[in-house]
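The listed protein sequences derive, respectively, from chains A and B.
The opening residue of the first sequence carries number 4 in this note's numbering; numbering runs sequentially from there.
The opening residue of the second sequence carries number 690 in this note's numbering; numbering runs sequentially from there.
For each residue, glycine too, the CB sits at the ideal point set by N, CA and C.
Remember, it's a predicted structure, so these values are computed and weren't measured experimentally.
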Amino acid sequence: MKLELRGITKRFGSLVANDRISLTVEPGEIHALLGENGAGKSTLMNVLYGLYRADEGEILLDDEVQHFTGPGDAMAAGIGMVHQHFMLIPVFSVAENVMLGNESTGFAGTLDLDASRARVTEISERFGFHVDPDALVEDLPVGVQQRVEIIKALSRDAELLVFDEPTAVLTPQETDELMEIMRQLREAGKAIVFITHKLREVRAVADKITVIRLGKVVGEAEPTASNAELAAMMVGRPVELVVHKDPPKLGEEVFAVKDLRVVNATGHVQVDGITFSIRAGEVLAVAGVQGNGQTELTEAILGLQEHVTGSVRLDGKELLGRSVRQVLDAGVGFIPEDRQEDGLVGNMTIAENLMLNRSFAPPFVRRGSLQIDKLRAFAEEKLQQYDVRARDIDTACGNLSGGNQQKVVVARELSRDLRLLVAAQPTRGVDVGSIEFIHKQVVATRDSGVPVLVVSTELDEVVALADRIMVLYRGRVVGIVPGDTPREQLGLMMTGERPKDLEGDVA
Amino acid sequence: MSTLTDPTSTGASPGPAAPTGEVVTLVSRKTPVVLGVLTVGLALILLFQPESGETTLRLARETDFFQLPDLTLPTMPTAWALTIVCALLTGESVRRYLAKKRTPMWLVAIYAIAWMTGFLVWAAVGETLPVVGLLAGSLALAVPLVFGALGGVLGERAGVVNIAIDGQLLFGAFAAAVVSSMTGSPWPGLLAASIAGALVALILGLFAISYFVDQIIVGVVLNVLVIGITSFLFSQVLAPNAADLNTSARFKVVPIPVLGDIPLIGPILFRQTPVVYVLYIAVAVVTFALYRTRWGLRVRAVGEHPMAADTVGIKVNRTRYRTILIAGAVAGLGGAFYTLVSVPQFNREMTGGAGYIALAAVIFGKWDPIRATLAALLFGFASNLQGVLSVIGSPVPSQFMLMLPYVVTIFAVAGLVGRSRPPAADGVPYRPQ
Chain A
4 MKLELRGITK RFGSLVANDR ISLTVEPGEI HALLGENGAG KSTLMNVLYG
54 LYRADEGEIL LDDEVQHFTG PGDAMAAGIG MVHQHFMLIP VFSVAENVML
104 GNESTGFAGT LDLDASRARV TEISERFGFH VDPDALVEDL PVGVQQRVEI
154 IKALSRDAEL LVFDEPTAVL TPQETDELME IMRQLREAGK AIVFITHKLR
204 EVRAVADKIT VIRLGKVVGE AEPTASNAEL AAMMVGRPVE LVVHKDPPKL
254 GEEVFAVKDL RVVNATGHVQ VDGITFSIRA GEVLAVAGVQ GNGQTELTEA
304 ILGLQEHVTG SVRLDGKELL GRSVRQVLDA GVGFIPEDRQ EDGLVGNMTI
354 AENLMLNRSF APPFVRRGSL QIDKLRAFAE EKLQQYDVRA RDIDTACGNL
404 SGGNQQKVVV ARELSRDLRL LVAAQPTRGV DVGSIEFIHK QVVATRDSGV
454 PVLVVSTELD EVVALADRIM VLYRGRVVGI VPGDTPREQL GLMMTGERPK
504 DLEGDVA
Chain B
690 MSTLTDPTST GASPGPAAPT GEVVTLVSRK TPVVLGVLTV GLALILLFQP
740 ESGETTLRLA RETDFFQLPD LTLPTMPTAW ALTIVCALLT GESVRRYLAK
790 KRTPMWLVAI YAIAWMTGFL VWAAVGETLP VVGLLAGSLA LAVPLVFGAL
840 GGVLGERAGV VNIAIDGQLL FGAFAAAVVS SMTGSPWPGL LAASIAGALV
890 ALILGLFAIS YFVDQIIVGV VLNVLVIGIT SFLFSQVLAP NAADLNTSAR
940 FKVVPIPVLG DIPLIGPILF RQTPVVYVLY IAVAVVTFAL YRTRWGLRVR
990 AVGEHPMAAD TVGIKVNRTR YRTILIAGAV AGLGGAFYTL VSVPQFNREM
1040 TGGAGYIALA AVIFGKWDPI RATLAALLFG FASNLQGVLS VIGSPVPSQF
1090 MLMLPYVVTI FAVAGLVGRS RPPAADGVPY RPQ
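#1: Could you tell me whether the region 447 to 467 of chain A touches the region 296 to 303 of chain A, where touching means 3 or more Cβ pairs closer than 8 Å?
#2: Cutting at 6 Å between CB atoms, please list the residues of its own chain near residue 1028 of chain B, excluding the five before and the five after it.
#3: What are the start and end residues of each continuous alpha helix (DSSP H) run of 4 or more residues lying completely inside the region 790 to 848 of chain B, in chain order?
#4: Which chain B residues sit within Cβ distance under 7 Å of residue 112 of chain A?
#5: Going residue by residue through the region 301 to 386 of chain A, where are the continuous beta strand (DSSP E) segments of at least 3 residues, counting only ones entirely within it?
#6: Please confirm if residue 1043 of chain B has its CB atom under 8 Å from at least one CB of chain A.
#7: Once DSSP output is grouped into helix, strand and coil, what is the label at residue 498 of chain A?
#8: Looking at the unbroken beta strand (DSSP E) that takes in residue 427 of chain A, where does it start and where does it end?
#9: Leaving aside the five residues before and after residue 44 of chain A along the sequence, list all residues of the same chain whose C-beta is less than 7 Å from its C-beta, in chain order.
#10: Which residues does DSSP pair with residue 264 of chain A in a beta bridge?
#11: Counting only runs of 3+ residues fully inside the region 407 to 466 of chain A, write out the beta strand (DSSP E) ranges in chain order.
#12: Run through chain B and tell me which residues come within less than 7 Å of residue 11 of chain A, C-beta to C-beta.
#13: Beta-carbon of residue 806 of chain B versus every beta-carbon of chain A: anything under 8 Å?
#14: Give the secondary structure of residue 875 of chain B by DSSP, where H, G and I count as helix, E and B as strand, and everything else as coil.
#15: Are any of the Cβ atoms in chain A nearer than 8 Å to that of residue 970 of chain B?
#16: Go through the region 207 to 243 of chain A residue by residue and report every complete run of the beta strand (DSSP E) that reaches 3 residues or more, in order.
#17: Applying the criterion that 16 or more other CB atoms from any shown protein chain within 10 Å of the CB defines a buried residue, is residue 1121 of chain B buried or exposed?
#18: Can you have a look at residue 924 of chain B and say buried or exposed, based on whether 16 or more other CB atoms are within 10 angstroms of its CB?
#19: Rank A:213, A:490, A:169, A:102 by C-alpha distance to the C-alpha of residue 32 of chain A and give the top, closest one.
#20: Among A:415, A:107, A:98, which residue has its Cα nearest to the Cα of residue 140 of chain A?
#21: Just verifying my parser: in three-state terms, what is the DSSP assignment at residue 490 of chain A?
#22: Is it buried or exposed, residue 337 of chain A, if we count other Cβ atoms within 10 angstroms and call 16 or more buried?
#23: If contact means a Cβ-Cβ distance below 8 Å, which residues of the region 711 to 725 of chain B contact chain A?
#24: Cα-Cα, which of B:846, B:1061, B:721, B:1063 is closest to residue 1010 of chain B?
#25: Quick check on residue 110 of chain A: buried or exposed, where buried means 16 or more other Cβ atoms within 10 Å of its Cβ?
#26: Determine, for residue 24 of chain A, whether the minimum Cβ-Cβ distance to residues of chain B falls below 8 Å.
#27: List, in order along the chain, the chain A residues whose C-beta lies closer than 7 Å to that of residue 997 of chain B?
#28: Look at the alpha carbon of residue 942 of chain B and the alpha carbon of residue 1030 of chain B, and state the distance between them as a whole number of angstroms.
#29: Between residue 137 of chain A and chain B, is there a C-beta pair that is closer than 8 Å?
#30: Please identify the residue among A:324, A:396, A:276 whose C-alpha is closest to the C-alpha of residue 478 of chain A.
#31: Identify the continuous beta strand (DSSP E) that holds residue 19 of chain A and give its terminal residues.
#32: Return the first residue and the last residue of the alpha helix (DSSP H) that residue 763 of chain B is part of.
#33: By Cβ distance, which residues of its chain are closer than 8 Å to residue 148 of chain A, with the 5 residues on each side in sequence left out?
#34: Report the neighbours of residue 74 of chain A on chain B: residues whose CB is nearer than 8 Å to its CB, in chain order.
#35: Out of curiosity, what's the CA-to-CA distance linking residue 700 of chain B and residue 302 of chain A?
#36: Residue 230 of chain A: buried (16+ other C-beta within 10 angstroms of its C-beta) or exposed?
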């Protein structure tokens, strides 16, 4: 099936998310849509899928104009979508998820689960997916959940498949498997739209590349284009793809975690016996696919987890068992992985957000009342220093772009005297310009002699920042290796495989 | 206790629940503590208020086909024996807690029966306790609670918190009284009750689904509104024309042949009014529909992850409207119990907050129709116990007994309910783009 988009425009209030975008995708072709977070890729696909109504422009399938009023219409027309945030119901089984909205029924609307099971098994076997139709989706690994999404689309006879940032949650190995699946689908004659901001993947699998910036198509490129060329098109200026940093000036071993074990509220062991230490002036980066215990590790250090055993020592003092406030007072800076959930109060102003971690004592609070003047002066200074692009310090943080929100969080956390910085996913969903800036700040913090723990699921970020790399898999340490370890080896370790000739610390 | 699952079984990367694949049982000491407190309480009652004499348990009614003989027990020895059983069960619960195991449900169930029997034997000293009457009455009193709880389960499974159950019950009772008075037959009244409940649900849906108003607030306001409207109509319209508008035709007890003659169970379950039989059907139909039909799958999908439902072409808000209307209709049926079974007329605020107890049953029953029904039956038992004990003249002050249903509700919801997980999108309005 051939897809053609003509002059699609979508506005949200005064913001133009898609500006006259035109695109053609042929059957048997993988068409990559490359662009930064917030460039308008997902909006475009949601228009195509009937979730948004376009303000202007038309969608053509096999040269016929379509009028979708909802996802149901798009699906009926043969469009399948693998969403970035899986559209699966966690408490349903695979078969139930696949049949939902397209159920075969028997007498009086009773569900024919067997038909759905057979369908799942059939598609699963055809593409070698190995998916158990009766497994509950919430029990499945992320990579398998994604295959369920693909099965869901295929079971509705989709001829055009849209993959929206499909590799964000996958290991490098799973990513390779997904690429293979995409190639198989291409051989089967499906048209594929592949949305991503990862240059490497685009060059590996795409037949054609369209680059989008700020809601507009800025050009097309061949898969043979270099990383630097693609990045420059995507960002609109030449980009430094590497972070410049000097060799570390290592100091004392200031921060040490020993036998850390974290159990969550439902009794699942999230972190099992993690031991590591960081020296002053060193960045230890935690690599691993999302959901391997990273979140619980950082939260346990902060004192946000309930069932924790082991030991977390900073400057020789035990942090476990202390309240979050006591941990912060001990000099821990924390950039949480979800800035909107844990990092900021969206309805509060930039100035107010900048003092959230010191609302108890001077300089901003005296005898229970806010020192507004001091706070404003401080906020003005940080706005400048951290290059936060906002109208003024009274702007609500919720109205800022992701990159600027993150800069506010970074500014707040780095503007105290730190003894340790914990940065979880410091640049997730942030534009390339802000990534450069935040990375420089992290390196500067390290150079000032503070131990830094960076957690990232982006291998690029890990490699860029780390002096040493700790790979987590299933809540355990696979190994701690030097910062210049080759990616291939890191990728293997992220699947739990421990290389035999592993150098460095043994966990 | 920890179970280790095969780490290779789930593929390349871990599932979201447990990266290590290892699960430890986290035991709360809530259950052993609650059991211990109750055991000590019973022992203290027996110690400081000893009664001498015998207690007779009557296991059949005079009209029953099979006459089981009465059971006469020496009061104090029986009560103490049951207290010891309770103490042993508490000990077992403590032992399991120390061994980091959960207290199983069967233990709690046996404990509840032993404790209740012990207490009743003591409370009914020197009297005859009509066991069949007590249980049959409990079922009857639980009718509005069960209908209400079913309405609650349906609404919440679709993602709409149905706080307005009480309003649906009350409006149902009102409509049933008026319509059956006018027609002289209870069946049109039952239908009217259902429609009235759906009407209240429609208003709830309008605000909660279409206008994204906070569902808790709308629900509570609706309850107050229905109290206001029915009280106004009662005093202005019903009271002056009581003979025409507020003298409802009641349902009579209709024994089911054969089934009604089974000893013990028959008189309890199958010598009831038609409303109770409608209840059996309603529980079965709701359970089947929710878990086995296309409709139910979509309702649950909409309550768990509306966005996912939308992306497969399910109209989320239309599904929610349809479900909440059915929920209101079911809850409204429960209202009919008050004016078509209990008393032959409508009175102000005659539900006495039963809708809120039904809501507690929804949570206690973990959003499952069968469990919610059992929870509602428990609350019905507590209500009826109070009535029966005051009739046979027990040593417990009647004012205290009036608290019983509510005390049981609090204990049940706060103390004994395990970790329960509501539908993920419960109470969250869905805004399509």
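The short version:
#1: yes
#2: 862, 865, 866, 937, 1035
#3: Within the region 790 to 848 of chain B, the complete alpha helix (DSSP H) runs of at least 4 residues are 794 to 812, 820 to 846.
#4: 982, 983, 984
#5: 310 to 317, 335 to 338
#6: no
#7: coil
#8: 423 to 427
#9: 36, 38, 198, 215
#10: A:275, A:312
#11: Every beta strand (DSSP E) of 3 residues or more that sits fully in the region 407 to 466 of chain A is shown, in chain order, as 423 to 427, 455 to 458.
#12: By Cβ distance, chain B contributes nothing, its closest Cβ being about 15 Å from residue 11 of chain A, past 7 Å.
#13: no
#14: helix
#15: no
#16: 211 to 216, 219 to 224
#17: exposed
#18: exposed
#19: A:213
#20: A:98
#21: helix
#22: buried
#23: 711, 712, 713, 714, 715
#24: Measuring from the Cα of residue 1010 of chain B, the nearest candidate turns out to be B:846.
#25: exposed
#26: no
#27: 90, 91, 92
#28: 9 Å
#29: no
#30: Closest by alpha carbon: A:276.
#31: Where residue 19 of chain A is concerned, the enclosing beta strand (DSSP E) stretches over 18 to 28.
#32: Looking at the DSSP string, residue 763 of chain B is not in any alpha helix (DSSP H); the run it does join, the beta strand (DSSP E), is 760 to 763.
#33: 89, 91, 140
#34: 999, 1000, 1001, 1002
#35: With a pLDDT of 34 at residue 700 of chain B, under the threshold of 50, the predicted position of this residue should be treated as unreliable, and no value is reported.
#36: exposed
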